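See structure below.
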Amino acid sequence: MSADKDFYLPTENRLLTVLSETEYQRLVPNLEQVNLEVKQVLYQANKPITHVYFPHQAIVSLVYTQKDGSMIEAGMVGNDGMVGVSVVWGSNITNTTALVQITGSSLMIKTELLLLEFNRGGELQNLLLRYTHKLFTQVTQTLACNSLHTIEQRFARCLLLIAARMQSETFCVTQEYIAKMLGCRRTGVTQVANRLSRAGMISYKRGTINILNRSGLQDTSCECYSMIKDEYARLLSVPIQPALDKGSREQGAESREQGK
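In this note's numbering, the protein residues as written are 383 to 642.
What follows is the structure, encoded as structure tokens:
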């Protein structure tokens with residue numbers, strides 16, 4: 383993982399772009415641009431989260447690991463969010479591992495520095511708490527999807543979610559990654575990829591997927607894709623509240639006291 387402290391603006395992370403320039407500039411001195419590599423572990427389950435990440439092109443899986451070593455993806459974070467969101471709940475330890483699945487750049491900040499800004503209240507706190515709700519929705523929807531829908535439906539959902547975060551119809555993913563995402567064997571991934579390829583929806587060669595027919599892929603996908611996408615759209619559509627300065631907070635406290 384390489385770092386470049388001279389890079390701060392612009393950011394390609396859609397969560398950060400919602401912040402006002404003033405609020406974002408407060409974070410800038412503590413941000414580092416890093417390059418995340420495939421299979422890199424950003425934090426491990428049941429170990430402290432020392433840094434949080436705001437991906438640009440990178441895709442990160444939040445995975446559960448069973449006692450037998452098998453893994454399944456519970457959530458996916460790209461340029462739509464933040465890796466390590468549990469720190470804003472007051473816990474820097476979680477039961478998932480953050481594993482990079484697609485290489486790319488990201489902004490990184492130390493956990494304690496992010497929390498200093500978060501605890502000021504206002505824009506950043508409001509935004510990250512709302513993002514927490516969005517991520518929880520994605521996790522619960524993904525777990526339900528893995529139980530209720532076919533491999534083909536889940537495969538289409540995953541490809542559409544990756545494409546949205548990559549902002550590209552072409553991307554590189556391994557069959558191993560897709561199998562983890564879907565909670566199935568690699569042979570199942572191969573069979574589904576071949577069917578979608580024969581139907582003219584995708585091409586898949588040497589780990590590179592190209593979406594050829596997005597509307598067809600959306601029709602093949604289960605409703606989970608639309609539900610996750612719509613929830614994120616709602617997150618970005620609601621105005622966020624600016625932080626109150628010290629004088630405003632004191633004035634508000636006095637008003638509440640007088641109203642008692």
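A virtual CB, placed ideally from N, CA and C, is assigned to each residue, including glycine. Remember, predicted model here, so these are calculated numbers, not experimental data.
Query: Identified DSSP bridge partners for HIS438; Result: In the DSSP output, where bridge partners are listed per residue, HIS438 has none listed.
Query: Nearest-angstrom Cα separation, counted from LYS421 out to GLN557; Result: 13 Å
Query: Residue environment, GLN439, which counts as buried when at least 16 other CB atoms sit within 10 Å; Result: buried
Query: CA-to-CA distance, GLY503 to ASN474, given in whole angstroms; Result: 19 Å
Query: Proximity below 8 Å, CB of PRO437 to CB of GLY486; Result: yes
Query: SER487: CB within 7 Å of a non-hydrogen atom of the ligand NAP; Result: The model depicted lacks the ligand NAP and carries no ligand whatsoever.
Query: Bounding residues of the alpha helix (DSSP H) (the contiguous stretch that carries GLU494); Result: 493-500
Query: At least 3 beta-carbon pairs within less than 8 Å: the stretch 401-413 vs the stretch 445-454; Result: no
Query: Identity of the residues DSSP links to LYS587 by a beta bridge; Result: THR590
Query: Member of VAL574, VAL555 and GLY466 whose CA lies at the smallest distance from the CA of THR590; Result: VAL555
Query: Cα-Cα separation between GLY582 and GLN549, rounded to whole angstroms; Result: 21 Å
Query: Every unbroken alpha helix (DSSP H) within the stretch 391-423, with a cutoff of 4 residues, ordered by chain; Result: 396-399 and 403-409
Query: Option in VAL470, LEU506 and VAL459 with minimal Cα separation from ILE484; Result: VAL459
Query: Straight-line gap, THR602 to GLN426 (C-alpha atoms, nearest Å); Result: 34 Å
Query: Distance, HIS531 Cα to GLY466 Cα; Result: 28 Å
Query: Sufficient close CB pairs (3 or more, under 8 Å) joining the stretch 593-609 to the stretch 535-543; Result: yes
Query: Residues near ILE533 by beta carbon distance below 7 Å, same chain, minus five either side; Result: LEU564, CYS566, GLY570 and VAL574
Query: Span of the alpha helix (DSSP H) around MET563; Result: 557-564
Query: Nearest-angstrom beta carbon gap, HIS433 and THR493 [assumed within contact, 8 Å]; Result: 6 Å
Query: Whole runs of the alpha helix (DSSP H) within the stretch 465-532, excluding any shorter than 4 residues; Result: 493-500 and 505-530
Query: Between the CA atoms of ARG580 and LEU401 - distance to the nearest angstrom; Result: 44 Å
Query: Same chain, Cβ closer than 6 Å to ILE560, neighbours up to 5 away in sequence not counted; Result: VAL571
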